[in-house]
């Protein structure tokens, strides 16, 4: 009877230990996968912020360049009569931009679109970290909107600043197709691991550190792979969207000339306008204006003036310049972003999250190996 009682106690103790081990392994695996998802989301938030900020800054550069003639003469900023037309085109091309503001050197609003800024008009002007130059920018992020300012410099020195207020929908960024697919795949992986640990795995599985580490390593490799593939998909979608905004912005400028009956072949400074979009943003790989299947002008492409052939290694978008008059040449604006440039931005943003992830994976491995301790 005594031996039977001792056997029953040992069996009960062993069952309790296995039950506790099941829960601990499941918690470690679920926590690790959740950490991979969270760090992936943080990485994408940084990548999306860079794309959005660079895009809005480029739109601001187009407005500032339109003011260059007035600035060269030293006229007051309030005398820029083309502000409403230029800013309206920017607001149409990029729905994320909510307002465009021009401030004088004292920080007072002298031009704005829309005219009724509400609380945004009462905010103080942004200050630049260093002496204001053409390459300087200042960014102020709040809960719902972001302000980006670039200095306005005339022939006598700093004359004021140009501010663009835009929205960044982080939740919307994380509900893109690639993000949803990656999240669903990781959730399914986590559910499968939980079912395996809590119901299917036999007691001997929790006695073998080798089996536990193998499962832990395989889960992490698959989880990281799913998140990386989702980040690559998100980068492709964001790059294509960004290229589309650039193409639409440039196409809108050219449409205004075409609607007036001006042939783009006869448009003075067209090469400079096309080059402007690429020079003001390092993300853009090429900009091309096509007349039918002929390259009218381009920057970033080797074969200028020839027949159009879509280059490889780019994520690109096109915008149709639709003239209102008959017998007018049909034009297309194509903007491309190199795959390598987009992926480099993602890799750069992932440096810190990857370091944190490695530490968490090491701690998880230690926790798995001591699950029966």
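Residue numbers (the numbering used here): 53 to 425.
Backbone N, C-alpha and C define an ideal beta-carbon position, used for all residues, glycine too.
Check, Outcome
"What span of residues does the beta strand (DSSP E) with residue 151 cover, start to end?", "149–156"
"Residue 165 to residue 288, Cα distance in whole Å?", "32 Å"
"Is the stretch 90–100 touching the stretch 257–272, taking contact as three or more C-beta pairs under 8 Å?", "no"
"Helix, strand or coil for residue 422, going by three-state DSSP, please let me know.", "coil"
"Quick one: grab the DSSP three-state call for residue 77.", "helix"
"According to DSSP, is residue 287 helix, strand or coil?", "helix"
"In terms of residues, what are the limits of the beta strand (DSSP E) holding residue 161?", "161–165"
"Would you be able to state if there are at least three C-beta pairs under 8 Å between the stretch 266–286 and the stretch 353–370?", "no"
"Measuring CB to CB, does residue 105 end up less than 8 Å from residue 329?", "no"
"Which one of 122, 395, 403 has the shortest CA to CA distance from residue 281?", "395"
"Assign residue 255 to one of three DSSP states: helix, strand, or coil.", "helix"
"Between which two residues does the beta strand (DSSP E) containing residue 135 stretch?", "Segment 135–145 is the alpha helix (DSSP H) holding residue 135; no beta strand (DSSP E) there."
"Here's a check: name, in chain order, each residue in its chain whose Cβ is nearer than 8 Å to the Cβ of residue 278, leaving out the five neighbours to either side.", "234, 237, 238, 241"
"Here's a check: name, in chain order, each residue in its chain whose Cβ is nearer than 6 Å to the Cβ of residue 174, leaving out the five neighbours to either side.", "none"
"Where do the N-terminal and C-terminal ends of the beta strand (DSSP E) with residue 396 fall, by residue?", "Run containing residue 396: none in the beta strand (DSSP E); it sits in the alpha helix (DSSP H), 391–401."
"Just how far apart, CA to CA, sit residue 423 and residue 407?", "25 Å"
"Taking the C-alpha atoms as reference points, what is the distance between residue 87 and residue 80?", "10 Å"
"Ends of the alpha helix (DSSP H) at residue 123?", "120–124"
"Tell me, please, which residues DSSP counts as bridged to residue 206.", "209"
"Does the structure place the stretch 359–377 close enough to the stretch 66–75 that three or more beta carbon pairs sit under 8 Å?", "no"
"Measuring alpha carbon to alpha carbon, tell me which residue in 283, 392, 251, 132 is nearest residue 204.", "132"
"According to DSSP, which residues form a beta bridge with residue 331?", "Per DSSP, none; premise fails for residue 331."
"Where residue 93 and residue 309 are concerned, what is the direct C-alpha to C-alpha distance, given to the nearest angstrom?", "43 Å"
"Count Cβ pairs between the stretch 114–124 and the stretch 135–147 that sit closer than 8 Å; are there 3 or more?", "yes"
"Taking C-alpha atoms, which residue in 192, 150, 231 lies nearest to residue 170?", "150"
"Suppose contacts are defined by Cβ-Cβ distances below 8 Å. Is residue 16 in contact with residue 129 by that definition?", "There is simply no residue 16 to check, as the chain begins at 53 and stops at 425 in what is shown."
"May I ask which residues mark the beginning and end of the beta strand (DSSP E) holding residue 341?", "336–343"
"Going by beta carbon distance, what residues of the same chain come within less than 8 Å of residue 229, once the five residues before and after it are set aside?", "285, 289"
"Under three-state DSSP, which class holds residue 365?", "coil"
"Would you mind working out which of 338, 147, 189, 254 sits nearest residue 386, comparing C-alpha positions?", "338"
"Can you tell me the Cα-Cα spacing of residue 361 and residue 390, whole angstroms?", "16 Å"
"Strictly by DSSP, which residues pair up with residue 68?", "DSSP output for residue 68 lists no bridge partner at all."
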